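Per our numbering: the sequence shown ends with 998, consecutive numbering throughout.
Think of the CB as a built atom: it goes at the ideal place given N, C-alpha and C, for glycine as much as any other residue.
All values reported here derive from a predicted model rather than from experimental measurement.
Working notes, structure below.
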Amino acid sequence: MTAIAPQAADAVAAARREVCALHAELTRWNLVTWTSGNISARVPGTGLMVIKPSGVTYDDLTPDSMVVCDLDGTAVEGAHAPSSDTGAHAYVYREMPEVGGVVHTHSPYATAWAARGEPVPCAVTAMADEFGDDIPVGPFALIGGDDIGRGIVATLRGRRSPAVLMRSHGVFTIGRDARSAVKAAVMCEDVARTVHLAREHGPVSRLPQEHIDALYDRYQNAYGQPRGTHS
Ligand SMILES: [Zn+2]
């Protein structure tokens, strides 16, 4: 394993603590089952990322059990193997330098849309605020290699939505930091559920584009902060 430079040690330790703590949000919001789901964060100022270990239950996650990887997805520090989705996270960090955090879940309502291969239409104002668009569907891709990462980047690059429904699989979200990506995962499941419930009792219309644009601009800019950070 490559040693971590001494000047990066504090940033790595902070990322270990942050990524570990954020995993509690996935269970709090019922986005994950058993050991599924994972969060990673880019370590600022380094070519490193911190990600959940593979196969460790949520109750047993600690900052020390997080795995430090390079941006090729190779572990450089940690007692466990990194998440089996590490290659997808690493691909996103390599291709999208503005991304500081990546989240993956199989949250049930959003994944039901993914199973149908159907985008969630931008039908409510909260969705226009957060996503500024429909939540798109990405291609079907098998785990291993760069196919999942490639599908995420190809779908999200140049779009407003920080969430993609990977076909017949689940949700990947991105953010300027890991907390923003977690928020996007929480909101993705929330709006997927709302639009699903609405459709059980009748047709649902997408908001007119000019309303989506106005809502998104106000929400993303009026608070004077980059997207997804106000609360
Ligand atoms: Zn998955």
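Counting every other CB atom within 10 Å of its CB across the protein chains shown gives E956 a total of 16 or more, marking it as buried. In terms of Cβ geometry, V823 and T802 form a close pair [threshold 8 Å]. Nearest Cα to A881 within the set P906, I941, M894 and T829: P906. Across the structure, V786 and M833 are spaced so that their CA atoms are roughly 8 Å apart. Counting every other CB atom within 10 Å of its CB across the protein chains shown gives R985 a total below 16, marking it as exposed. For the set D944, A945, P886 and W796, the Cα lying nearest the Cα of V904 is the one of P886. Residue state for M954 is assigned as helix, using DSSP reduced to three classes. A residue is called buried once 16 or more other Cβ atoms fall within 10 Å of its Cβ, and I979 is buried on that count. Note on the region 879-926: whole alpha helix (DSSP H) runs with a minimum of 4 residues are 892-898 and 914-923, in chain order. A842 carries a strand assignment under DSSP once its states are collapsed to helix, strand and coil. Setting aside the 5 residues that flank it on each side, D777 has no residue in the same chain whose C-beta is closer than 7 Å to its C-beta. Straight-line spacing of the CA atoms in S874 and A951 works out to 12 Å. Around the beta-carbon of T800, fewer than 16 other beta-carbon atoms lie within 10 Å, marking it exposed.
P830 is positioned such that its CB atom lies closer than 8 Å to that of R784. Under a 10 Å Cβ-count criterion, L932 is classified as buried, with 16 or more other Cβ atoms of the shown protein chains found around its own Cβ. Taking 8 Å as the cut-off, the beta carbon of A945 is found closer than this to the beta carbon of G867. No residue range can be given for A775, since it is assigned to no alpha helix (DSSP H) and is classified by DSSP as neither H nor E.
By the 16-neighbour rule on beta-carbons within 10 angstroms, P849 is buried.
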